[in-house]
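**Q** Residue numbers (the numbering used here): 30 to 837.
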């Protein structure tokens, strides 16, 4: 219902002016031989108005004021075209466009096209109100990847991105668990996760877990900027991960697409999309239904996703936009396994009454205004209204489900924020310089209700019929931030960046912590306010047109989370001087292409993670022992990341009528170790001190290697991928032998293969198929201490899928 109301409100606001046609500019875009050119970008320079040419090369611009304009046209492989024209009110003007091939760009573009699937690129130096120069970054182009997109298969999607570790325990594809550089993949919480540039997590300052992931069938690309993005985006050591959804089709009034997938274990997915442009308006909407029984017993899932985007060119300089996204899920959680159970049958489940549900609603309003060709401003207002609900038998996995009352936990998230960015270019040293500034306000509230006594049923029922929740907490986070970063170009080859971010964070936590014999126990209200600055420097040196050195040093931080302010027991004590974790990211690398058929990006990184938060045992003067949560020490992750792609057939023969072979390797060596990190535990009633210095950071495999090959012939392509991942520890003590509950112990190394194929039948039909985990390896990437475990969380074995797509 919120979805419908939002649409109606937006339509009413702008319907008065929406369909008043003032004039029309139309024509055809052709090459030197008279062939129509599809997909050329046609725009009025210095305005927000633009369209694309359609299948027949035709274009049409409507409803812009009379006057004199500069029409500009661009497309990879062709020289940019520009011409001045004038138009009167109500006039219909025809202007055909002839594009000439750019030999230099065309040769590189042809080679890229011949290789079929690239799937991996990088961001331009400056784009979309942000600075990317000098930063380690990747762009994953989803449409160019052979992968099981219906299931959001992260192993395949991130296969070309070096150093990405993945938790593969969620076969439903609902939640994404990825990290880099020795950080924890837990719901991607070390990344600043956004969609179309705005937040989609419950609270990036206090609870940054990504419970929502958009369907990858509607994602155009995933942008990853490593830790150096902290200046422009805020709290993260891992960096930025931004899902960019497909934009409205600018070449037609209406287009529609339906993608339907069936697969193993009752998988059915139907993704349906519409979009188009009409005058000053463009729009897009999708709906996805996905359900299946899961690879493991008790692994049922049922999800619904819906999204709407409407943009309106209110004037030549002002563009307004509205988006809303809704998701609802019904997920049965099979729970964890003991080591013995995993060895016996990794598909089994001893938890049949555990369920999980995350209704998620994200509205957003945006405005973009061009003061001039050199200065523009972007403003986004966004919010998240969501829930996290779980019910189940949550005791250790080595305890049998007693079929009694289940535990119910419910979170309610209400957040809203606003972010304004200003981009300005100016001339200095005879070069174009770019300044990016921004202001951000965010307020988030989490209403946490835990340890409710639920029903003894087996279905997804979050009711608490026999009383209230024993734990009821209220957590509020507010954040005000300002940033500025500048690109200084000294000449055509050398540039450097400098920036600063000023942060103010205020956190509050209060409420009922427990209920003992009917008597509520309350937390002492906790409040934290802190203000600090982050600094960063970067540089690029271009060895040639396509190859460059890059380096960056940026400070980063991780705010005190709600879990840090919530003691496990009322006897525990939170350090009143508890600080945010701080540190820095450093990158030094070389990227580019030596030949058109060989692309690469190799780099050294160092991540310093200071003031990590943990709990230690301490003794009072009377001899009593209590747990004390404070900043304990630091960890350091360093290593090498490399990505290489090579097309041997193009390199040797330039062209081939028998197809092309595209090879890639994504390699990473990660040494993530604790530095000076003192801990204190209780042994036989005595406090025992030790230091974790030299221990490997938990959930941080030292080796993350992925290899692949894509064969393409015309409209057919097939990709094979091998993931070779090293062993990891599940706890900071580096425990090798598993405990009885399987919550600690070694996570063994593993190798897994995938095979996927795609065939574009005509222009409107697509057929895809694949086998995930080709050799049916049995492995796991996670030992969970709590939900959705506890215990070993097995990855999926061999599964199949078949996809048919229709576009019209």
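Glycine included, every Cβ here is placed at the ideal spot set by N, Cα and C.
1) Alpha carbon to alpha carbon, what distance is there between residue 149 and residue 808?
2) Can you tell me whether residue 825 is buried or exposed, with buried defined as 16 or more other CB within 10 angstroms of its CB?
3) State whether the stretch 461-477 contacts the stretch 505-524, with contact taken as three or more CB pairs (one from each stretch) at a distance under 8 Å.
4) Using CA atoms only, rank isn't needed, just tell me which of 465, 442, 383 is closest to residue 406.
5) For residue 252 and residue 265, what's the separation of their Cα atoms in angstroms?
6) Label residue 210 either buried or exposed according to how many other C-beta atoms from any shown protein chain fall within 10 Å of its C-beta, with 16 as the threshold for buried.
7) Can you check the stretch 294-345 for any beta strand (DSSP E) of at least 3 residues that lies completely inside it and give the ranges in chain order?
8) Starting from residue 209, trace the beta strand (DSSP E) both ways and give me its first and last residue.
9) Considering only residues of the same chain and omitting the five flanking positions on each side of residue 117, which have a CB-CB separation below 8 Å?
10) Considering Cα atoms alone, identify which of 650, 639, 680, 740 is closest to residue 707.
11) For residue 518 and residue 162, what's the separation of their Cα atoms in angstroms?
12) Am I right that residue 304 and residue 208 are in contact with their C-beta atoms under 8 Å? What's the rounded C-beta distance?
13) Would you kindly work out how many angstroms separate the C-alpha atoms of residue 661 and residue 644, rounded to a whole number?
14) Do you know how far the Cα of residue 202 is from the Cα of residue 334?
15) Would you mind listing the alpha helix (DSSP H) stretches within the stretch 355-384 that are 4+ residues and don't spill past its ends, in chain order?
16) By a C-beta neighbour count over all protein chains shown, 10 Å radius and 16 as the cutoff for buried, is residue 752 buried or exposed?
17) Would residue 488 be called buried (16 or more neighbouring beta carbons within 10 Å of its own) or exposed?
18) Check residue 180 in the structure and name its three-state DSSP category.
19) Could you say if the stretch 576-584 and the stretch 599-614 meet the contact criterion of at least three C-beta pairs nearer than 8 Å?
20) According to DSSP, which residues form a beta bridge with residue 608?
21) Are three or more beta carbon pairs between the stretch 297-315 and the stretch 337-346 nearer than 8 Å?
22) State the CB to CB distance for the pair residue 413 and residue 231, rounded to an integer number of angstroms; the pair is presumed to be in contact (CB under 8 Å).
23) When DSSP builds the beta bridges, which residues end up paired with residue 658?
24) Can you tell me which residues form a DSSP beta bridge with residue 268?
25) Would you mind giving the Cβ-Cβ distance between residue 528 and residue 260, rounded to the nearest angstrom? I have them listed as a contact below 8 Å.
26) On the premise that residue 378 lies in contact with residue 363, defined as a C-beta separation below 8 Å, what is that separation, rounded to the nearest angstrom?
27) Three or more C-beta pairs closer than 8 Å, one from the stretch 618-633 and one from the stretch 569-580: is that the case here?
28) Nearest to residue 552 by alpha carbon, out of 560, 559, 542?
29) Using 8 Å as the cut-off, can you tell me whether the stretch 214-222 makes contact with the stretch 160-178, which would need three or more C-beta pairs spanning the two stretches below that distance?
30) Can you tell which of 398, 384, 180 has its C-alpha closest to the C-alpha of residue 294?
31) Tell me the rounded alpha-carbon separation between residue 514 and residue 531.
32) Specify the secondary structure class of residue 579 as computed by DSSP and reduced to three states.
33) At what residues does the beta strand (DSSP E) containing residue 285 begin and finish?
34) For residue 71, which residues in the same chain have their Cβ closer than 8 Å to its Cβ, ignoring the five residues on either side in sequence?
35) Say yes only if the C-beta of residue 498 is nearer than 7 Å to one or more non-hydrogen atoms of the ligand ADP, and no if none qualify.
36) Considering residue 821, what are the terminal residues of the beta strand (DSSP E) in which it resides?
**A** In short:
1) Our two residues, residue 808 and residue 149, have alpha carbons roughly 27 Å apart in a direct line.
2) Result: buried.
3) Touching, yes.
4) For residue 406, the closest of 465, 442, 383 by C-alpha to C-alpha distance is 465.
5) So the alpha carbons of these two residues sit roughly 15 Å apart.
6) Of the residues assessed, residue 210 falls on the buried side of the cut-off, its CB having 16 or more other CB atoms within 10 angstroms.
7) Entirely contained in the stretch 294-345, the beta strand (DSSP E) runs reaching 3 residues are, in chain order, 296-307, 310-321, 330-342.
8) For residue 209, the uninterrupted beta strand (DSSP E) run begins and ends at 207-209, by DSSP.
9) Excluding positions up to five away in sequence, the list reads 52, 95.
10) Ranking the options by Cα distance to residue 707, first place goes to 639.
11) Answer to the nearest angstrom: the Cα atoms are 10 Å apart.
12) Between residue 304 and residue 208, the beta carbon gap of about 33 Å keeps them out of contact (Cβ cut-off 8 Å).
13) When rounded, the distance between both Cα atoms is 8 Å.
14) Taking the straight line from one Cα to the other gives about 12 Å.
15) Every unbroken stretch of the alpha helix (DSSP H) spanning 4 or more residues and falling wholly within the stretch 355-384 is given here in chain order: 368-373.
16) Taking every protein chain shown into account, the CB of residue 752 has 16 or more other CB atoms within 10 angstroms, so this residue is buried.
17) Classification for residue 488: exposed.
18) In the three-state DSSP reduction, residue 180 falls in the helix class (H, G or I).
19) With the cut-off at 8 Å, the stretch 576-584 and the stretch 599-614 touch.
20) Paired residue(s): none; residue 608 is not in a bridge.
21) Contact between the stretch 297-315 and the stretch 337-346 is established, with three or more Cβ pairs separated by less than 8 Å.
22) Between residue 413 and residue 231, the beta carbon gap of about 7 Å places them in contact (Cβ cut-off 8 Å).
23) In the DSSP assignment, residue 658 forms a beta bridge with 603, 644.
24) DSSP output for residue 268 lists 220 as bridge partner(s).
25) With 8 Å as the limit, residue 528 and residue 260 qualify as a contact, their Cβ atoms being about 4 Å apart.
26) With 8 Å as the limit, residue 363 and residue 378 qualify as a contact, their Cβ atoms being about 4 Å apart.
27) Taking one beta carbon from each stretch, the stretch 618-633 and the stretch 569-580 have 3 or more pairs nearer than 8 Å; the two touch.
28) That would be 542, whose Cα lies nearest to the Cα of residue 552.
29) Too few Cβ pairs lie closer than 8 Å, so no.
30) Selection 398, 384, 180 evaluated against residue 294 yields 180 as nearest (Cα-Cα).
31) Taking the straight line joining both Cα atoms gives about 12 Å.
32) The answer is strand: DSSP assigns residue 579 an E or B state.
33) That run of the beta strand (DSSP E) goes 284-292.
34) Here the set comprises 58, 79, 80, 81, 82, 88, 90, 100, 101, 102, 126.
35) With respect to the ligand ADP, the structure offers nothing, as it holds no ligand at all.
36) Counting along the chain, residue 821 sits inside the beta strand (DSSP E) bounded by residues 820-823.
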